[in-house]
Amino acid sequence: MRLIGTENKFHLILVIIALFFLNGCGAQAQIAPTPTSPAAPPTPTKNSAASPTQILLLPPIRTPEARAPLPANGIAEFHILHWNDFHGELVERTLEDTWIPGAARLAAFVESETAKYDPNQVLLLDAGDWFEGSMSARASKGGKVLEFYQRLGVDAITIGNHEFFLGTPIFYQMVNGANPIEIVSVNLRRSGAKNTCTDERILSPYKTFELGTAQGAKARAAVIGISIEGLEYESYSPVHGVCFSNPVDEVIKIYDQLIETEHPDILIALSHSGLEQDRKIAEALNAAGKPVDVIIGGHSHSWIDAPEKIGDTMIVTAGERGRAVGILDLTYDRAASKLDVKWRQEIFSSCSPEDPDTLAFLKDTIPDGNPKALCATIKNPAYDYLIDQSPISESVGYWTLGKGEYPDTDEGMVSHQVIISHGNEYPYGLFAHAPSKLQFALDGKYTSFVAEISIKETACGDGAAFSVSLDSQVIYQSKNMLASDAPIPVNLNVTGGKVLKLATISGKDNSCDWTIWGNPYLIKQ
């Protein structure tokens, strides 16, 4: 179902430009029903006024389909991989000090993750703004991104403001070329007088999927597309003929009929509204007694370390520009009508693998001499890395503990960017604002502790010292290191030790003391 490199058999369907009419309120895009045979555009008359509009064939809008409830027994397990604000970033590059991993790393992760499960156990979802950004995406008018998504096996996407970057006609062209990907929006409408929203839908409001192993229990999930109200005003080009109405009102309108007709077990809102608005949407739907189970969000480029829970709704999002993928692991107990949801995320680094088929697919879009980040460290499976272990206890002077990534944005670092210090990349490193204390259980299983210690070169403080203790006995103490100091390798004997304590001690001033334990790991006995 999702074989990387499968030849794309779906091509863009473009129906050509017809006559435009000017009404008293400005130009409005005209959408015609699907004709039974090609029709010639009307001939302009002497009194007709020309204005840019386009008659395009769009996929038919889905109406509720009567379905019987699934049997009330068994446990269905399934998984959702999601991302948002991809912005057409097909090619690895650096943008304003932010490294962008490129589509080949996204493809490699999707392929490896989906290979763990039955093909019918996995949904791939994009929460909008998949277009624009890179020149390769713009040059193909979104076609290259859609073809990549089709190769990847993306199931559904919703609408972001960047999808209108080249105007409404090109947006319709992209919609036509998306098959078999489902583009859903509950609140995208044709605009009427004075740019008010009419009741005429442009896209299907939702798509229903049945998920589970081939021979096992299934769960029925309805994916509803929503975008922030007034999204048409956030485009970078004039947007004619469309209008985004209030998403809460629109979800409420279809809610009862969707539940009663299609009997979904799980409701998922695929939202391009921003994290703050998603919170408000969750609150409003819960207050109306019509909650969704999960909101998968985009638009605000937010990073989270854990899902938010508002009423009966979980909210998740996954950064931006293809730098991360969120993974929802869901279990639905049919007999108890109980849904269990766990969330995790994969953040890419230069050590993340690339899919060779996708690199070949992108060959004509990669600029000559395009620089690639070099992977400094590949995990050795013989070692146990501290990033994979839960500390017995942890405390940091400011922010939170960064695990393989910066916990926030400041001079020389971007939130959720891979840790880099003095030109060295530490995708498995720990970033701790001093003073900090981290304790890990060893239980006598290891012989050596290995790491590289450094102060981030852009730190503005007066430095910090590093200390390592084994069972309350200090076994290493560094000098007070400064941002200008080169990283120092550390290799310590921890044979028989029960508890390892890593500490960083600030100098006189603890501001901006950004200490890094570079890719720390333990060697087993």
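Oh and the sequence shown: position 384 is 405 in our numbering, straight run, nothing missing.
Positions of the beta carbon are idealized from the N, C-alpha and C atoms, including for glycine.
Listed in chain order, the non-local C-beta contacts of Val362 below 7 Å within the same chain comprise Val315, Met335, Leu349, Leu351, local neighbours out to five positions each way being set aside. DSSP, reduced to helix, strand and coil, places Ser442 within a strand of the structure shown. The C-beta separation of Leu224 from Met195 comes to about 12 Å, leaving the pair out of contact by the 8 Å criterion.
Measuring C-alpha to C-alpha distances from Gln498 to each of Ile509, Ser505, Asp277 identifies Ile509 as the nearest. Between Glu375 and Ala136 a beta carbon distance of about 16 Å is seen, past the 8 Å cut, so the two are scored as non-contacting.
Taking the CA atoms as reference points, Leu279 sits about 10 Å from Ile245. With a contact defined as Cβ atoms closer than 8 Å, Val143 and Leu173 miss out at about 11 Å. Between the alpha carbons of Ala453 and Trp104 lies a distance of about 27 Å.
Taking one beta carbon from each stretch, the stretch 77-87 and the stretch 394-411 have fewer than 3 pairs nearer than 8 Å; the two do not touch. DSSP places Asn512 outside any alpha helix (DSSP H); the residue lies instead in the beta strand (DSSP E), whose first and last residues are 509-514. Annotated as proximal: Thr479 and Glu432, with beta-carbon spacing under 9 Å. In the structure shown, Phe99 falls within a strand segment according to DSSP collapsed to helix, strand and coil. Straight through space, the alpha carbons of His437 and Gln366 are spaced by roughly 11 Å.
Secondary structure remark: continuous beta strand (DSSP E) runs of at least 3 residues inside the stretch 456-535, in chain order: 457-462, 467-476, 485-491, 494-498, 509-514, 520-527.
Shown here, Gly423 sits in a strand according to DSSP, grouped into three states.
Between Val269 and Ala243, the CB-CB gap reaches or exceeds 9 Å.
Counting along the chain, no alpha helix (DSSP H) covers Met434, and no H or E run does either.
Beta-bridge partners of Val337 (DSSP): Ile317. If you draw a 10 Å sphere on the C-beta of Arg88, you find fewer than 16 other C-beta atoms in it, and that means exposed.
Separation of Gly123 and Ala357 (C-alpha to C-alpha, rounded to the nearest whole angstrom) is 42 Å.
A Cβ-Cβ separation of about 4 Å places Cys533 in contact with Gly482 under the 8 Å criterion. The beta carbon of Ala504 is closer than 6 Å to those of Ile476, Glu478, Ala480 in its chain, skipping five residues each way along the sequence.
Check the Cα spacing between Asn208 and each of Phe470, Gly181, Asp506: the tightest is with Gly181. Residue pairing by DSSP places His454 opposite Trp535 in a beta bridge. For Tyr138, the closest alpha carbon among the candidates Thr119, Phe99, Asp106, Ile317 is that of Phe99.
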